[in-house]
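Chemist: Numbering (full-length UniProt numbering), first residue to last: 1 to 377.
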Amino acid sequence: MELLPSELMLEIAGHLDVNSMKNFMMSNKDVQALIKTHERSISDAKVAGFYMPPAGNVLSSSTIERHVLRGGTLNMAAELERRARRADELFDDRRALATDGDPAKAAATPGFFEAGGRSWTFYGWTDAQRGRHQALVRRGLGLCERIADVAANAPCTAPAPERWAEITAVDDPWDLPEEALPEEQGGSYPDPDPFLNPDARPHQLALVRALPADDVLALFYFIAGCGEAYSYKNADVQSDPVAVERITVFEECVLRHGSYFLWSHVHGPSRSNLKRMSKVMIKAGLHELTTWESGKPGLQPGLRMTLIGRFREVCPPKDDDEGRQNVTDRMYGMVNDLIFARDGEKKKGAAEEEGAADAETDDETDSEMDSEADTET
């Protein structure tokens, strides 16, 4: 079969998702050769079109085994498409509301987060307010992905694959083989999270500590919403004596692993390795938190505590903060001001009050001048 002009074939390929493009390549050897020759340019164009495109390599998330995917490849573009689909499922999924028979409610409330946060109540919101909220939470998830992908780039190395088989073979992270530590660090204890890449943590912490205020606010709000949604969806957590710690660990897992963990927990197929992995991660994280709090050596600071510290630095209390002393309450107040444009309304209202005060002063001055004129007459 004679091919269409190369420019047209490449234009067609650029408008296909990666799976469709691979099927297109299988239709003809010449098509396959053409697309392979221009793989980098096609991939770069696709990556540039995604929200918050990565700056380097990314980690795969199709299975529990995470592999490094290099930039400029169709595999990396396919991973970003997968993340975009999962983000849509997390934020726009109405399946949980399909039986309510209320189209307005289904259109206004995402599935996992319908009660997952103090500001995640969408009834009565305008399109502009929902749009601002959607942009905020999507940016929060995008930042989690960026933090996780730090492990895919130099000087970090990919996580050791031999650990993946071990964690899926046991029901409890405490059953995992012990990792030997130098005697001066206190001997040995179970590796808290086999999915972690300890070499990447210092670079992830550095990234969090360098975030500007708007990114810190988006990230803090997003993980707090995830924590509240997790608590709401798991009513038994409330009766757990370590309920607060379990929610903290869930938020930490979202920060460390992004949609890889969050989607697996929320939408991972039942009894699948991805679903099981997310549950084991929470158990392992709880063990790590307990170990940290007990003062045992060998652990690095968590991303969540580092994020909250960064929030205190770049988002200090204001004089008109209305008593928001709790850092989470202050964060929610700032988000509400942002979503409902309250700062703009305050400024507008202040300007109107100032204008009214000036007008009143002018009227009083004119009245006094008229009175003086009458007296002289």
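Glycine included, C-beta positions come from ideal geometry on N, C-alpha and C.
1) If you draw a straight line from the alpha carbon of residue 333 to that of residue 69, how long is it in whole angstroms?
2) Within its chain, find whatever has a CB closer than 6 Å to the CB of residue 21; leave out the 5 residues flanking it on each side and keep chain order.
3) Bridge partners of residue 74, per DSSP?
4) Quick check on residue 347: does DSSP put it in helix, strand or coil?
5) Is the beta carbon of residue 203 within less than 7 Å of some heavy atom of the ligand GTP?
6) Three-state secondary structure (DSSP) at residue 58?
7) Could you check if residue 52 is buried or exposed, using at least 16 other CB atoms within 10 Å of its CB as the buried criterion?
8) Closest to residue 244 by CA distance: which of 228, 257 and 39 is it?
9) Does residue 69 come out as helix, strand or coil in the three-state DSSP assignment?
10) Report buried or exposed for residue 4, applying the criterion of at least 16 other Cβ atoms within 10 angstroms of its Cβ.
11) Roughly how many whole angstroms lie between the Cα atoms of residue 215 and residue 135?
12) What runs of the alpha helix (DSSP H), each 4 residues or longer, lie entirely inside the stretch 297 to 339?
13) When the Cα atoms are used, what is the spatial distance from residue 90 to residue 145?
14) Only counting runs of 4 or more residues, tell me where the alpha helix (DSSP H) segments fall wholly within the stretch 12 to 63, in order along the chain.
15) Could you give the distance in angstroms between the alpha-carbon of residue 189 and the alpha-carbon of residue 296?
16) Between the C-alpha atoms of residue 221 and residue 40, what's the straight-line distance to the nearest angstrom?
17) Using only the alpha-carbon positions, how far apart do residue 148 and residue 34 sit?
18) Output the distance between the C-alpha atoms of residue 132 and residue 27, rounded to the nearest integer angstrom.
19) Taking residue 9 as the reference, give the member of 19, 24 and 274 with the closest Cα.
20) Go through its chain and collect everything with a Cβ distance to residue 309's Cβ below 6 Å, but skip five positions before and after it.
21) So residue 328 and residue 224 are supposed to be a Cβ contact under 8 Å. How far apart are they, rounded?
22) Roughly how many angstroms separate the alpha carbons of residue 255 and residue 267, rounded to a whole number?
23) Since residue 291 and residue 299 should fall inside the 8 Å C-beta cutoff, what is the C-beta to C-beta distance between them, to a whole number of angstroms?
24) Is it true that the CB of residue 289 sits closer than 8 Å to the CB of residue 248?
25) How would you label residue 54, buried or exposed, when you count the other beta carbons within 10 angstroms and need 16 or more for buried?
26) Does DSSP put residue 271 in a helix, in a strand, or in coil?
27) Would you call residue 19 buried or exposed, if buried means 16 or more other Cβ atoms sit within 10 Å of its Cβ?
28) What residue does the alpha helix (DSSP H) around residue 156 start on, and which one ends it?
29) In this structure, how does DSSP classify residue 292 when only helix, strand and coil are distinguished?
30) Measure the C-alpha to C-alpha separation of residue 280 and residue 226 and round it to an integer number of angstroms.
31) Since I believe residue 141 is in contact with residue 84 (beta carbons under 8 Å), could you give me their beta-carbon distance rounded to a whole number of angstroms?
32) Would you check if the distance between the CB atom of residue 314 and the CB atom of residue 213 is smaller than 8 Å?
33) Quick one, which of 45, 77 and 42 has its alpha-carbon nearest residue 57's?
34) Where does residue 330 land, buried or exposed, given buried means 16+ other C-beta within 10 angstroms?
35) Return the first residue and the last residue of the alpha helix (DSSP H) that residue 124 is part of.
Modeler: On the basis of the supplied data:
1) In the sequence shown, residue 333 corresponds to position 333, counting from 1. In the sequence shown, residue 69 corresponds to position 69, counting from 1. Each residue's Cα considered, the two are about 39 Å apart.
2) Taking the sequence shown and counting its residues from 1, the one referred to as residue 21 is at position 21. Answer for residue 21: 13, listed in chain order.
3) By 1-based counting over the sequence shown, the position of residue 74 is 74. None; residue 74 has no bridge partner.
4) Along the sequence shown, read from residue 1 onward, the residue named residue 347 stands at position 347. Note on residue 347: pLDDT 42, under 50, position unreliable in the model; the coordinate value appears next. In the structure shown, residue 347 sits in a helix (DSSP, three-state: H, G or I).
5) Because no ligand of any kind appears in the structure shown, any question about the ligand GTP cannot be addressed here.
6) Within the sequence shown, residue 58 is the residue found at index 58, counting from 1. Residue 58: strand per DSSP, three-state reduction.
7) Counting from one through the sequence shown, the residue named residue 52 turns up at place 52. Exposed, by the Cβ-count rule.
8) As a position in the sequence shown, residue 244 is number 244, starting the count at 1. Minimum Cα distance to residue 244 is reached at 228.
9) As a first step, residue 69 is located in the sequence shown; it is residue number 69 there, counting from the start. Three-state DSSP puts residue 69 in a strand.
10) By one-based count along the sequence shown, residue 4 stands at place 4. With fewer than 16 Cβ atoms within 10 Å of its Cβ, residue 4 is classed as exposed.
11) Along the sequence shown, one-based indexing puts residue 215 at 215. Along the sequence shown, one-based indexing puts residue 135 at 135. Cα to Cα, residue 215 sits roughly 12 Å from residue 135.
12) 303 to 314 and 327 to 339
13) Within the sequence shown, numbered from 1, the residue matching residue 90 stands at position 90. Within the sequence shown, numbered from 1, the residue matching residue 145 stands at position 145. Taking the straight line from one Cα to the other gives about 14 Å.
14) 18 to 26, 29 to 37 and 39 to 48
15) For this step, residue 189 is matched to residue 189 along the sequence shown. For this step, residue 296 is matched to residue 296 along the sequence shown. Because the pLDDT of residue 189 is 35, which lies under 50, any placement of that residue in the model is unreliable, and the question is left without a value.
16) Taking the sequence shown and counting its residues from 1, the one referred to as residue 221 is at position 221. Taking the sequence shown and counting its residues from 1, the one referred to as residue 40 is at position 40. Distance between the alpha carbons of residue 221 and residue 40 is about 36 Å.
17) Here residue 148 corresponds to residue number 148 of the sequence shown, with the count starting at 1. Here residue 34 corresponds to residue number 34 of the sequence shown, with the count starting at 1. Going from the Cα of residue 148 to the Cα of residue 34 covers about 33 Å.
18) The residue given as residue 132 occupies position 132 in the sequence shown. The residue given as residue 27 occupies position 27 in the sequence shown. The alpha-carbon atoms of residue 132 and residue 27 are separated by roughly 43 Å.
19) Taking the sequence shown and counting its residues from 1, one reaches residue 9 at position 9. Checking every option, the nearest Cα to that of residue 9 belongs to 24.
20) Against the sequence shown, residue 309 aligns to sequence position 309. So no residue of the chain qualifies.
21) Position 328 of the sequence shown, counting from 1, holds the residue named residue 328. Position 224 of the sequence shown, counting from 1, holds the residue named residue 224. About 6 Å separates the two Cβ atoms, so the contact holds.
22) To locate residue 255, count along the sequence shown from 1; it is residue 255. To locate residue 267, count along the sequence shown from 1; it is residue 267. Their backbone Cα atoms lie some 18 Å apart in a straight line.
23) As a position in the sequence shown, residue 291 is number 291, starting the count at 1. As a position in the sequence shown, residue 299 is number 299, starting the count at 1. That pair is a contact at about 6 Å.
24) Indexing the sequence shown from 1 puts residue 248 at position 248. Indexing the sequence shown from 1 puts residue 289 at position 289. In contact: residue 248 and residue 289 (Cβ atoms closer than 8 Å).
25) On the sequence shown, residue 54 is found 54 positions in, with the first residue counted as 1. Answer is buried; the Cβ neighbour count reaches 16.
26) Stepping through the sequence shown from its first residue, residue 271 is reached at position 271. In the structure shown, residue 271 sits in coil (DSSP, three-state: anything other than H, G, I, E or B).
27) Reading the sequence shown from its first residue, position 19 is the one you call residue 19. Label assigned to residue 19: exposed.
28) Looking up residue 156 in the sequence shown gives position 156. Taken as a continuous stretch (DSSP letters only), residue 156 belongs to no alpha helix (DSSP H), as it is neither H nor E.
29) The residue given as residue 292 occupies position 292 in the sequence shown. Three-state DSSP puts residue 292 in a helix.
30) Translated into positions along the sequence shown, residue 280 becomes position 280. Translated into positions along the sequence shown, residue 226 becomes position 226. Distance between the alpha carbons of residue 280 and residue 226: 18 Å.
31) Within the sequence shown, numbered from 1, the residue matching residue 84 stands at position 84. Within the sequence shown, numbered from 1, the residue matching residue 141 stands at position 141. The pair is not a contact, with the Cβ atoms about 10 Å apart (cut-off 8 Å).
32) As a first step, residue 314 must be located in the sequence shown, where it is residue number 314. As a first step, residue 213 must be located in the sequence shown, where it is residue number 213. Against a cut-off of 8 Å, the Cβ pair of residue 213 and residue 314 comes out as a contact.
33) Counted from its first residue, the sequence shown places residue 57 at position 57. Out of 45, 77 and 42, 77 has the C-alpha closest to the C-alpha of residue 57.
34) Counting from 1 along the sequence shown, the entry for residue 330 is found at position 330. When all chains shown are included, residue 330 counts as buried.
35) Indexing the sequence shown from 1 puts residue 124 at position 124. Where residue 124 is concerned, there is no enclosing alpha helix (DSSP H), given that its DSSP letter is neither H nor E.
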